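Asker: Quick note: the sequence shown, position 191, residue 219 per the numbering used here, numbers continuous. I have a structure here, written as structure tokens, and I will follow up with some questions on it.
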Amino acid sequence: MRVRLRRLLRASRWQLGSMAAVVLGFAIIIGAQALDGGTVRSLFQLRAALIVFGGTLAATLISYSPRAILDAIRAAGRTFARQEDTLDTLSAQLVSWSIRAHRRGLLSLEPEVDAVRDPFLRNGLMLAIDGASSEMLRDVLNVERLAQEGRDEVPVRIFEAAAGYAPTLGILGAVLGLIRVMENLSVSTALGGGIAMAFVATVYGVGVANLVLLPIAGRLRERSAWMSRRSDLVIEALIDVQRRSNPRLVVQKTRGFATSVPRVEEIARRLTRTSSEPS
29 MRVRLRRLLR ASRWQLGSMA AVVLGFAIII GAQALDGGTV RSLFQLRAAL IVFGGTLAAT
89 LISYSPRAIL DAIRAAGRTF ARQEDTLDTL SAQLVSWSIR AHRRGLLSLE PEVDAVRDPF
149 LRNGLMLAID GASSEMLRDV LNVERLAQEG RDEVPVRIFE AAAGYAPTLG ILGAVLGLIR
209 VMENLSVSTA LGGGIAMAFV ATVYGVGVAN LVLLPIAGRL RERSAWMSRR SDLVIEALID
269 VQRRSNPRLV VQKTRGFATS VPRVEEIARR LTRTSSEPS
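Structural data, given as structure tokens:
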């Protein structure tokens with residue numbers, strides 16, 4: 029029972045709806061084939077799969093290193109994980125830091141450094157505590173943000189490149205299938221297999237490009253845009269924290285990034301209750 033509960037908790041951390049949508053796309057195609065009177069077995073052609081999938085992988089390996097492709101696959105898997113750190117929770121945390129810095133000074137935030145897991149946020153907080161100027165803080169964090177955006181762009185390009193190769197390899201498989209048909213016009217038993225490979229290879233190429241590769245590239249690009257907005261939020265808020273600006277100003281700025289930011293009074297009450305609790 030405990031093992032099942034743990035598995036369920038792990039599964040709940042994934043966006044099961046998005047993962048099911050991928051399966052649904054293929055199920056619709058297979059179902060349409062069955063409803064039209066065709067056999068589902070006709071969609072499974074080993075030679076066509078070898079040409080399309082193997083050729084796409086080989087073409088992608090020519091363009092990118094195996095390590096970059098493995099990193100892209102891992103990055104694609106992370107896009108289906110639920111975001112525990114939303115912009116709303118991050119905004120509330122940054123506002124609470126601004127309240128503490130405004131009331132007690134920047135050194136009061138030093139105990140928070142070890143609890144921050146995100147390297148970008150931790151480095152920015154350390155710079156603010158160490159007395160870096162606002163211009164230096166912005167410059168350093170902007171360099172880190174641009175470097176991260178460059179790294180995030182590589183998996184997107186890999187999946188978009190693969191999505192371009194797959195339909196072309198599907199056409200190549202179709203041509204090879206038709207060549208086989210033309211070579212065996214006198215043998216009626218060989219015509220079916222050749223024609224099947226010709227059309228199924230095209231289905232494989234177009235299907236995998238539009239149902240898997242391009243959607244994953246879109247998810248990666250959307251995640252990169254989200255991370256960019258998150259970085260902008262961190263930069264703008266930490267600069268105000270470093271300046272010990274009025275927390276209400278920080279709230280106004282964070283509302284441009286987050287959908288819901290608690291009021292300053294509410295966050296201040298939370299901090300008061302936390303500080304008053306016995307350790």
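Using N, Cα and C, we set each Cβ at its ideal position, and we do this for glycine too. Since we're looking at a predicted model, the values are computed, not measured.
For the alpha helix (DSSP H) that Y193 lies in, which residues bound it at each end?
Answerer: Here residue 193 refers to the residue found at position 165 when the sequence shown is read from its first residue. Y193 -> alpha helix (DSSP H) spans 162 to 211.
Asker: Tell me, please, whether the segment 70 to 80 touches the segment 200 to 213 by the rule of three or more beta-carbon pairs shorter than 8 Å.
Answerer: yes
Asker: Looking at C-alpha atoms only, which residue of T84, R291, E294, L169 is the closest neighbour of S187?
Answerer: Taking the first residue of the sequence shown as position 1, residue 187 is located at position 159. In the sequence as presented, Ser is not what sits at residue 187; that position holds Phe. Per the Cα distances, T84.
Asker: Once the 5 residues before and after R9 are set aside, which same chain residues still bring their CB inside 6 Å of it?
Answerer: Residue 9 cannot be examined here, being either before or after the span of the chain that is shown, 29 to 307.
Asker: For S307, does the three-state DSSP call read helix, strand or coil?
Answerer: The residue you call residue 307 lines up with position 279 of the sequence shown. Since pLDDT at S307 reaches only 44, below the 50 mark, its modelled position is unreliable, and no value is offered.
Asker: Nearest CA to the CA of E138: which residue from F148, V184, V123, D158?
Answerer: Within the sequence shown, residue 138 is the residue found at index 110, counting from 1. Closest option to E138, Cα to Cα, is D158.
Asker: Can you find the residues in the same chain that come closer than 7 Å, C-beta to C-beta, to A194, ignoring five residues on each side of it along the sequence?
Answerer: To locate residue 194, count along the sequence shown from 1; it is residue 166. Spatial neighbours of A194 in its own chain (CB-CB distance under 7 Å, excluding positions within 5 residues in sequence) are listed in chain order as V80, T84, G233, V236, A237, L241.
Asker: Should I244 be labelled buried (16 or more other beta-carbon atoms within 10 Å of its own) or exposed?
Answerer: Counting from 1 along the sequence shown, the entry for residue 244 is found at position 216. Residue environment: I244 is assigned as buried (16 or more neighbouring CB atoms within 10 Å of its CB, all protein chains considered).
Asker: Closest to I58 by CA distance: which of R69, A49, A48 is it?
Answerer: What you label residue 58 is simply residue 30 of the sequence shown in a count that begins at 1. That would be R69, whose Cα lies nearest to the Cα of I58.
Asker: I need the straight-line Cα distance from S124 to A87, nearest angstrom please.
Answerer: In the sequence shown, counting from the first residue as 1, residue 124 sits at position 96. In the sequence shown, counting from the first residue as 1, residue 87 sits at position 59. Cα to Cα, S124 sits roughly 50 Å from A87.
Asker: Measure the beta-carbon distance from V7 to L153 and round it to whole angstroms, keeping in mind my assumption that it falls under 8 Å.
Answerer: It is not possible to answer for residue 7, since the shown part of the chain is limited to 29 through 307.
Asker: Select from I263, L206, Q121 the residue whose C-alpha is nearest the C-alpha of A229.
Answerer: Residue 229 sits at position 201 when you count from the first residue of the sequence shown. The candidate whose alpha carbon is nearest that of A229 is L206.
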